[in-house]
Each structure stands twice: as structure tokens, then as C-alpha cells.
Ligand code: SF4
């Protein structure tokens, strides 16, 4: 007999990507290769035991823990085995999603350029329809969706199309549990609800293994970029004892490594923009006592530039425990090199430096990271409201100066979220010649480094050979001619340069 509540997530979230969470970016790619190859080489599913997923996204695990703490029994189903877990006792199925309609910055950029739906959107649609079908064949039930991508579904018509009964936008451990409790009692619950920020003492400890051994060390950011999700505004560092507890849960259930997740690992426990070195070093020391295989998800350039000694000390700690990583990595945000745009949209990002010093901060941080064999995977944002050709040129100049550093740079299109919600998405039609040039220069940068990175990083030999001999070769061949045009500022899909002189300024950007 199944519990009344079942949780799941779509297939792009229920994969460990061959031990490389970086490969998770493949979920944001448009469907260019057949499903069979995508599943086999890039997004192989986690295992299932009697329909239950052995590992699940951290957000799903947090909801599972919050429901259990609230006295609500729950099981996490593998999306390929829903019918083994959902039965006539199931009243609610909760689905975690990161990017249900492919509107996230990475997805919308890639799909706009290629004109195809992303895997994230395709698999979410399949999962939600399958959940609906299995629920209905067992007498019905409610579909509740939440997770970082929930904002993409915030529209009654869209919810109707997918057959979603309730949507939780933002943090779910308090509000989401309350919605599910009401549904179980047969009481009315709002169709769309914004989750309240969960105070530290109410963030529950996960009970089972997460994808990639992800362990949340802090929630929120506090740097306050206007294009960022609202729930990242308040920085809450979790107590070390709880972090260690979650590391142990992951290792006990078979995780081969853990990934410390926050928006900026260097500011774990900090009170402001300056890292608290003792807190960070103690964190790594204690986690490394449990496993030598420790990675991090995100970091900030300003924190690196602020405390080069901290990066060196942590690297020495990681090296001395013999995890065997060829280099360490983190996702990081450059976004733009334009002081004016930094001032307007992300004045907190360079702190303790000024907006006009941002490009130099990014450069200095790359030097420090390279000295300590760290490889940043950075994002840029094209089309911030009001961005001019000169702003883009400044970013191009910075990317050219970063060429010598082993790294990846992913240019993304602006997506109106956070304080800029309601504004206009940046689209291919809005691209200036300089945006095409920036895209080409980033692609060249990545082609320059990606082969070496893939060989060093991918653990799975089959995946390594597939990425090198099929994916990279195919991309190089397909992009050779378009790249030449893009470097001239020409839209390769039309063979002519865009004529727009400047990107439009959406209404929301004026507020
Ligand atoms: S620094 Fe990153 S996580 Fe923090 S507010 Fe800015 S974009 Fe968001």
C-alpha cells in the first residue's frame, strides 16, 4: 500500500549525468539528438527499487523530510516507474521542476537560437502527463508542482493545459506542506501560492540520498541582483552539525561524493560580503573527515578576489585528502562587464568593490582560481534591459582577456524574473551585431577548453568517448560556418546583420 503522498521529478532531474553534474546543462539543450542517445550517454536515470528512486533532487528530498516532520507519510517515486508506487491510496503527487517550459536563462537561450524545445520541457511535460494518467487510472488525485522552475507555470491557462491542481512558487517546506495537508483533509487550497522563506531552524534534514550527493550548506545569497530569484535575497547558513548529518546520509546510501550547495561557498557563515575564513575552513575540514570527494556548486568572483588565501587553504585541504580531482570547479556569474549595467542591476555583486571595478575583480579572481587549479563555469547575460552596443563590447573585451584561463563561459539571454518580473524576454530578434560577436567569442573560448576539460573530468569512459567523438565533433562541424558569420556580427540563420541599433528597454526595467 502506498502512502497518500508521492513525490517525483522529471527524468532530467533524476539523473546523475554519469557522475558529472556539469552535464546537467544537457537538460537545457534543445532536442538535437534522439531520445535513445540522450538517455544512454548523457542523462542515464538513477536506479529504482520497487519503483522508489534511490536518489532524488535535493528539493524533493527537502519536501520529503518536511512532510515526514509534519507527520505525513510520503514516498519518492522514480518517474519511469510511477505505476509501481502510485495506487488507489495516493491522493497527492508532488512534482519537482527546475525548468518545466524551457524558459530558464540557459534553456531559453539555446532553444531560441536553435528553435526547438529543450529536454527539460519535453521531459517535464511527459512526467506531468504520466502522473495525471496514473493518478486518474487509480481513482484520481491532485497534482502539486513546485521547485525552482515553478515560476514558469504561473498562469491559469498553463496550469490547465498541464493538468496541475496546485503550484508552489518559492520555498516549499512550510507553505507546500500546508497546501498538501489541506488537500489531504479535503479542504480548499489556493491554486497558486508563493512559499514563505523558511527560517533556518525549520529547514529540515534530508532523510535519503540526493542526486550528486548535493548537500545544502546555505540558502539565499543577499547580494540582491535585480534579475535573480526573490528567494535568494536572504542568506541563511545552515549549522555545521546538520550539514555533516546530510553528508553522512548521502554516504550511507551510496553517494560517491558530495557537492556543497549554496550560492557562494566562500561566504558560508559570513555576515556580509567578506568571507569568514574560519567558518569556511572548518566546514571543509569537517566534511573532508567524512569523504575525500568534495565538490561545490556555486561561488562568487568577488569572494575569491577578496580572500585569495582562503582559496589556497581550501585547495590545499582538498588536495591533501587525495580526492583525485584534476581540478575543482564551481558555477559563477560574470553577467556583464559594463559598469553602468552592474550599477543598475547588480550593485551588490562586486562588493566590497565598486561597480566600475567589476571587470578587474573578475579578472583577478580568474588568476587566483587558475593558480589553485579551479575551473570556473561562468554565465553572462545578454539583453539586460537598456543594454547598448558599447555595454556588449565591454563584455567582449573581458571575455577576450579571459581566454588564457581554463574555464567555460556560457552566454545566456536575459529572462525577466526577480525584481524585473513582467519585463520582456530577450529574444534572438533583439540581438545586436555585438551580441552575435559575443556569442561567437564565447563559443571559441569554450571550444578551446572543452575537449581538455571533458577528458579530464568525465569519469565514465563511454560518456567521455561519446562526448569527444560524437557531440563535440558534431557541434564543431555544424558551427564552423555559422561561427564565421557570427564573428562578423551577422545572424547566421539569416545571413545578414541585425539592423536594430539598440535593445529595447522593457517597462519593468524603469521601475
Ligand atoms: S550574486 Fe548570484 S545568487 Fe546572488 S543575487 Fe546575484 S545572481 Fe543571485
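Numbering (our numbering), first residue to last: -18 to 492. In this text, a Cβ means the ideal position worked out from N, Cα and C, and glycines have one as well.
(request) Select from 333, 234 and 91 the residue whose C-alpha is nearest the C-alpha of residue 248. (result) Numbered from 1 along the chain shown, position 267 holds the residue referred to as residue 248. Of the candidates 333, 234 and 91, the one whose C-alpha sits nearest the C-alpha of residue 248 is 333.
(request) Compare the C-alpha of residue 253 against each of 181, 331 and 300 and name the closest. (result) To locate residue 253, count along the chain shown from 1; it is residue 272. The residue with the shortest Cα to Cα distance from residue 253 is 331.
(request) Return the bridge partner residues of residue 240 from the DSSP annotation. (result) For the purposes of this step, residue 240 is taken as residue 259 along the chain shown, with counting starting at 1. Residue 240 pairs with 195 and 276.
(request) May I ask you to report which of helix, strand or coil DSSP gives residue -7? (result) The sequence position of residue -7 within the chain shown is 12, counting from 1. Correct three-state label for residue -7: coil.
(request) Measuring alpha carbon to alpha carbon, tell me which of 80, 267 and 123 ends up nearest residue 132. (result) Counting from one through the chain shown, the residue named residue 132 turns up at place 151. Of the listed residues, the one whose Cα sits closest to residue 132 is 80.
(request) Quick one: residues in its chain with C-beta nearer than 7 Å to the C-beta of residue 285, no 5 flanking neighbours on either side, listed in chain order? (result) Taking the chain shown and counting its residues from 1, the one referred to as residue 285 is at position 304. These residues qualify, in order along the chain: 247, 292, 346, 349 and 350.
(message) Would residue 40 and residue 77 be called neighbours here (beta carbons separated by less than 8 Å)?
(response) Your numbering for residue 40 matches position 59 in the chain shown. Your numbering for residue 77 matches position 96 in the chain shown. Yes, these two residues count as a Cβ contact at 8 Å.
(request) Would you mind listing the alpha helix (DSSP H) stretches within the segment 314 to 349 that are 4+ residues and don't spill past its ends, in chain order? (result) 320 to 326
(message) Pairs of beta-carbons, one from the segment 65 to 72 and one from the segment 24 to 33, closer than 8 Å: are there three or more?
(response) yes
(message) Run through the DSSP bridge pairs and tell me what residue 393 is partnered with.
(response) Your numbering for residue 393 matches position 412 in the chain shown. DSSP lists 362 as partners of residue 393.
(message) Quick check: what's the CA-CA separation for residue 380 versus residue 423?
(response) Start at 1 with the first residue of the chain shown, and residue 380 comes out as number 399. Start at 1 with the first residue of the chain shown, and residue 423 comes out as number 442. Whole-angstrom Cα-Cα distance: 7 Å.
(request) Pick out whichever of 461, 113, 408 and 420 has its Cα sitting closest to the Cα of residue 361. (result) Residue mapping note: residue 361 aligns to position 380 of the chain shown, counting from 1. Residue 420 is the option with its Cα nearest to residue 361.
(message) On a Cα-Cα basis, can you pick out the residue from 121, 112, 129 and 169 that is closest to residue 143?
(response) Within the chain shown, the letter at position 162 stands for residue 143. Out of 121, 112, 129 and 169, 112 has the C-alpha closest to the C-alpha of residue 143.
(message) Check whether the segment 407 to 421 and the segment 230 to 250 touch, using three or more Cβ-Cβ pairs below 8 Å as the test.
(response) no
(request) Closer than 6 Å by C-beta to residue 400: which residues in its own chain qualify, once you throw out the five before and the five after it? Chain order, please. (result) On the chain shown, residue 400 is found 419 positions in, with the first residue counted as 1. Closer than 6 Å at the Cβ level, and outside the excluded window around residue 400, lie 207.
(request) Going by DSSP, name the residue or residues bridged to residue 169. (result) As a first step, residue 169 must be located in the chain shown, where it is residue number 188. Answer is none; residue 169 lacks a bridge partner.
(message) Taking only three categories from DSSP, how would you classify residue 102?
(response) By one-based count along the chain shown, residue 102 stands at place 121. The answer is helix: DSSP assigns residue 102 an H, G or I state.
(message) What does the Cβ neighbour count give for residue 128, buried or exposed, with the cut at 16 atoms within 10 Å?
(response) As a first step, residue 128 is located in the chain shown; it is residue number 147 there, counting from the start. It counts as buried.
(request) Less than 8 Å between the CB atoms is what I'm expecting for residue 134 and residue 75, so what's the real figure, rounded? (result) Locating residue 134 in the chain shown gives position 153, counting from the first residue. Locating residue 75 in the chain shown gives position 94, counting from the first residue. About 14 Å separates the two Cβ atoms, so there is no contact after all.
(message) Suppose you measure from the CA of residue 171 to the CA of residue 158; what does that come to, to the nearest Å?
(response) Counted from its first residue, the chain shown places residue 171 at position 190. Counted from its first residue, the chain shown places residue 158 at position 177. Rounded to whole angstroms, residue 171 to residue 158 spans 13 Å at the Cα level.
(message) Taking only three categories from DSSP, how would you classify residue 485?
(response) The residue labelled residue 485 in the question sits at position 504 within the chain shown. Low confidence applies to residue 485: its pLDDT is 43, below 50, so where it sits in the model is not reliable, and the reading given next is rough at best. If DSSP states are grouped into helix, strand and coil, residue 485 belongs with coil.
(request) Output the distance between the C-alpha atoms of residue 259 and residue 216, rounded to the nearest integer angstrom. (result) Here the question's residue 259 lines up with position 278 in the chain shown. Here the question's residue 216 lines up with position 235 in the chain shown. In a straight line, the C-alpha of residue 259 is about 18 Å away from that of residue 216.
(message) Runs of 4 residues minimum, wholly inside the segment 99 to 156: which ones carry the alpha helix (DSSP H) assignment?
(response) Listed in chain order, the complete alpha helix (DSSP H) runs (minimum 4 residues) inside the segment 99 to 156 are 100 to 118 and 137 to 143.
(request) For residue 308, name the three-state secondary structure that DSSP assigns. (result) Counted from its first residue, the chain shown places residue 308 at position 327. It is coil, neither helix nor strand.
(request) Name the two residues that bound the continuous beta strand (DSSP E) containing residue 55. (result) Counting from one through the chain shown, the residue named residue 55 turns up at place 74. Bounds of the beta strand (DSSP E) holding residue 55 are 55 to 57.
(message) When you compare the CB positions of residue -16 and residue 54, do they come within less than 8 Å of one another, or not?
(response) By 1-based counting over the chain shown, the position of residue -16 is 3. By 1-based counting over the chain shown, the position of residue 54 is 73. Yes, these two residues count as a Cβ contact at 8 Å.
(message) Looking at the ligand SF4, does it come within less than 7 Å of residue 358, judged from the CB to the closest heavy atom?
(response) Here the question's residue 358 lines up with position 377 in the chain shown. Not so, every heavy atom of the ligand SF4 lies at least 7 Å from the Cβ.
(request) State the Cα-Cα distance for the pair residue 242 and residue 198, rounded to the nearest angstrom. (result) Your numbering for residue 242 matches position 261 in the chain shown. Your numbering for residue 198 matches position 217 in the chain shown. Taking the CA atoms as reference points, residue 242 sits about 6 Å from residue 198.
(message) When you compare the segment 307 to 325 with the segment 357 to 371, are there three or more beta-carbon pairs, one atom per stretch, that lie closer than 8 Å?
(response) yes
(request) Name the residue from 205, 222, 162 and 175 whose alpha carbon lies nearest to the alpha carbon of residue 182. (result) Working through the chain shown from its first residue, we reach residue 182 at position 201. Ranking 205, 222, 162 and 175 by Cα distance to residue 182 puts 222 first.
(request) Determine the extent of the alpha helix (DSSP H) in which residue 263 is found, giving its start and end residues. (result) Locating residue 263 in the chain shown gives position 282, where the first residue counts as 1. Taken as a continuous stretch (DSSP letters only), the alpha helix (DSSP H) holding residue 263 covers 258 to 269.
(request) Work out the CA separation of residue 25 and residue -14 for me, nearest whole Å. (result) Stepping through the chain shown from its first residue, residue -14 is reached at position 5. Stepping through the chain shown from its first residue, residue 25 is reached at position 44. Cα to Cα, the separation comes out at about 26 Å.
(message) Does residue 200 come out as helix, strand or coil in the three-state DSSP assignment?
(response) Along the chain shown, read from residue 1 onward, the residue named residue 200 stands at position 219. In the structure shown, residue 200 sits in a strand (DSSP, three-state: E or B).
(message) Could you check whether the Cβ of residue 327 sits closer than 7 Å to any heavy atom belonging to the ligand SF4?
(response) Here residue 327 corresponds to residue number 346 of the chain shown, with the count starting at 1. Residue 327 Cβ: within cutoff of the ligand SF4.
(message) Measuring straight from C-alpha to C-alpha, what distance separates residue 180 and residue 363?
(response) Against the chain shown, residue 180 aligns to sequence position 199. Against the chain shown, residue 363 aligns to sequence position 382. So the alpha carbons of these two residues sit roughly 34 Å apart.
(request) With a threshold of 7 Å, establish whether the CB of residue 202 neighbours any heavy atom of the ligand SF4. (result) Position 221 of the chain shown holds residue 202. Residue 202 Cβ: within cutoff of the ligand SF4.
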